[in-house]
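Engineer:
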Amino acid sequence: MADMRTPLSRVIGLGSAKSGAHHFWLQRVTAAANVPLALFLIASLVALSGADYLTVRAYLAHPLAVIALLALILSGVWHMRLGMQVIIEDYVIAEGLKTLSLLLNIFFSAAIGIACIYAALKIGFGS
Amino acid sequence: MADPRQAARPLSPHLQIYRLTVTMVMSIVHRITGAGLYAGTLLLAWWLVAVASGPDAYAVFEGFIGSWFGRLVLFGYTWALIHHMLGGIRHFIWDFGKGFELRAADLMAWGTVIGSVVLTVLVWIAGYSMMGAL
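So the sequences go chain by chain: G and D. Heads up, the final residue of the first sequence is numbered 233 in the working numbering, and it's a clean run with no missing numbers. Heads up, the final residue of the second sequence is numbered 445 in the working numbering, and it's a clean run with no missing numbers.
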């Protein structure tokens, strides 16, 4: 290697990428929100066990259920996108594949989020 | 002068070197359940979209979730969700700088395992009794 500088000297003084704390913070905010929201989901699934279509639909159409669902979807999808990002950054080493994986992670999370939000709103507005 | 970066450096030992500890296994399981829940959101999306689409689409969903395989997936999803939740609460305790003593960390790790299994079984007993199957 022609470059005589050590890896340390090349990065020293540049500081961090400045986004780690933000990632950590949002991970914790969404995690805290997910606890009551996931409990709502579990309680709903138990309450709806064996229920027929109209009962399920009527339950999910209640404004409070729609609001809780929307909160769960937004917080849950955000949380899982952040979590999967860390998994990808840990295990996918090749730069191109890593970028592609990070992109697909965002697209998958967005697709799930949008589909769930649309469905929850459609059920709620009863169209 | 030899490039110091080219010298044979000692590598840090990897997983197979260490004796398994419960905290280490729970850290791995926390990540695995997280990845499982990630895939499991497909099920949540399918459920909501099916309800929004109408009785026919919902019947297809019910056909899957009512099958033994669907039940197995849903049971796994329930356990993963509860395990990940308890593991997350453990992380919150650590975030506040508490529970780092070996004994406390071990206790919380075992609590995550046992608590998640017990709560999952209780949730399913409640679900089956709602269906009048118990």
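For glycine and all other residues, C-beta sits at the position ideal for the given N, C-alpha and C.
(1) Quick one: does residue 153 of chain G have its CB under 8 Å from some CB of chain D?
(2) List, in chain order, every chain G residue whose beta-carbon is nearer than 7 Å to that of residue 366 of chain D.
(3) Give me the Cβ distance between residue 221 of chain G and residue 356 of chain D, rounded to the nearest whole Å; I'm assuming they're in contact under 8 Å.
(4) Can you find the residues in the same chain that come closer than 8 Å, C-beta to C-beta, to residue 312 of chain D, ignoring five residues on each side of it along the sequence?
(5) For residue 252 of chain D, I'd like the list of residues in its chain whose CB is within less than 7 Å of its CB, leaving aside the five on either flank, ordered along the chain.
(6) Would you check if the distance between the CB atom of residue 426 of chain D and the CB atom of residue 337 of chain D is smaller than 8 Å?
(7) Measure the Cβ-Cβ separation of residue 435 of chain D and residue 386 of chain D and say whether it is below 8 Å.
(8) Using beta carbons (cut-off 8 Å, strictly below), is residue 441 of chain D in contact with chain G?
(9) Which residues, in order along the stretch 394-410 of chain D, keep a beta-carbon less than 9 Å from a beta-carbon of chain G?
(10) Rounded to whole angstroms, what's the CA-CA distance from residue 342 of chain D to residue 195 of chain G? Just pull it up for me.
(11) If you reduce the DSSP assignment to three classes, tell me which class residue 112 of chain G lands in.
(12) Go through its chain and collect everything with a Cβ distance to residue 431 of chain D's Cβ below 6 Å, but skip five positions before and after it.
(13) Could you give the distance in angstroms between the alpha-carbon of residue 109 of chain G and the alpha-carbon of residue 223 of chain G?
(14) Which same chain residues end up closer than 6 Å to residue 344 of chain D when comparing Cβ atoms and leaving out the 5 residues on each side of it in sequence?
(15) Taking buried to mean at least 16 other C-beta atoms within 10 Å of its own C-beta, is residue 178 of chain G buried or exposed?
(16) For residue 366 of chain D, which three-state DSSP category applies?
(17) Could you say which of D:406, D:327 and D:359 lies nearest to residue 131 of chain G if we only look at CA atoms?
(18) Can you tell me which of the three DSSP states residue 411 of chain D falls into?
Structural biologist: Result, derived from the coordinates:
(1) Residue 153 of chain G sits at position 47 when you count from the first residue of the first sequence. By this cut-off, residue 153 of chain G is an interface position.
(2) By 1-based counting over the second sequence, the position of residue 366 of chain D is 55. Correct list: 159.
(3) Position 115 of the first sequence, counted from the start, is the residue given in the question as residue 221 of chain G. Position 45 of the second sequence, counted from the start, is the residue given in the question as residue 356 of chain D. Indeed, because the Cβ distance is near 5 Å, the residues count as touching under 8 Å.
(4) Indexing the second sequence from 1 puts residue 312 of chain D at position 1. Model confidence at residue 312 of chain D stands at a pLDDT of 48, short of 50, so the residue's coordinates are unreliable and nothing is read from them.
(5) In the structure displayed, chain D extends from 312 to 445; residue 252 of chain D sits before or after that span and is not available.
(6) The sequence position of residue 426 of chain D within the second sequence is 115, counting from 1. The sequence position of residue 337 of chain D within the second sequence is 26, counting from 1. The answer is no: Cβ separation not under 8 Å.
(7) By 1-based counting over the second sequence, the position of residue 435 of chain D is 124. By 1-based counting over the second sequence, the position of residue 386 of chain D is 75. Yes, these two residues count as a Cβ contact at 8 Å.
(8) Counting from 1 along the second sequence, the entry for residue 441 of chain D is found at position 130. So, interface residue.
(9) Flagged, chain order: 395, 396, 399, 400, 402, 403 and 406.
(10) Position 31 of the second sequence, counting from 1, holds the residue named residue 342 of chain D. Position 89 of the first sequence, counting from 1, holds the residue named residue 195 of chain G. In a straight line, the C-alpha of residue 342 of chain D is about 13 Å away from that of residue 195 of chain G.
(11) Position 6 of the first sequence, counted from the start, is the residue given in the question as residue 112 of chain G. In the three-state DSSP reduction, residue 112 of chain G falls in the coil class, being neither helix nor strand.
(12) As a position in the second sequence, residue 431 of chain D is number 120, starting the count at 1. Here residue 431 of chain D has 389, 390 and 393 as same chain residues with Cβ atoms under 6 Å from its own Cβ, once five neighbours each way along the sequence are excluded.
(13) Stepping through the first sequence from its first residue, residue 109 of chain G is reached at position 3. Stepping through the first sequence from its first residue, residue 223 of chain G is reached at position 117. A direct Cα-Cα distance of roughly 52 Å separates residue 109 of chain G from residue 223 of chain G.
(14) As a working mapping, residue 344 of chain D is identified with position 33 in the second sequence. Spatial neighbours of residue 344 of chain D in its own chain (CB-CB distance under 6 Å, excluding positions within 5 residues in sequence) are listed in chain order as 391, 394 and 395.
(15) Position 72 of the first sequence, counted from the start, is the residue given in the question as residue 178 of chain G. By the neighbour-count rule (16 or more Cβ atoms within 10 Å), residue 178 of chain G is buried.
(16) Taking the first residue of the second sequence as position 1, residue 366 of chain D is located at position 55. Looking at residue 366 of chain D - three-state DSSP - the assignment turns out to be helix.
(17) Numbered from 1 along the first sequence, position 25 holds the residue referred to as residue 131 of chain G. Among D:406, D:327 and D:359, the Cα nearest to that of residue 131 of chain G is on D:406.
(18) The count along the second sequence starts at 1 and reaches residue 411 of chain D at position 100. In the three-state reduction of the DSSP assignment, residue 411 of chain D falls in the coil class.
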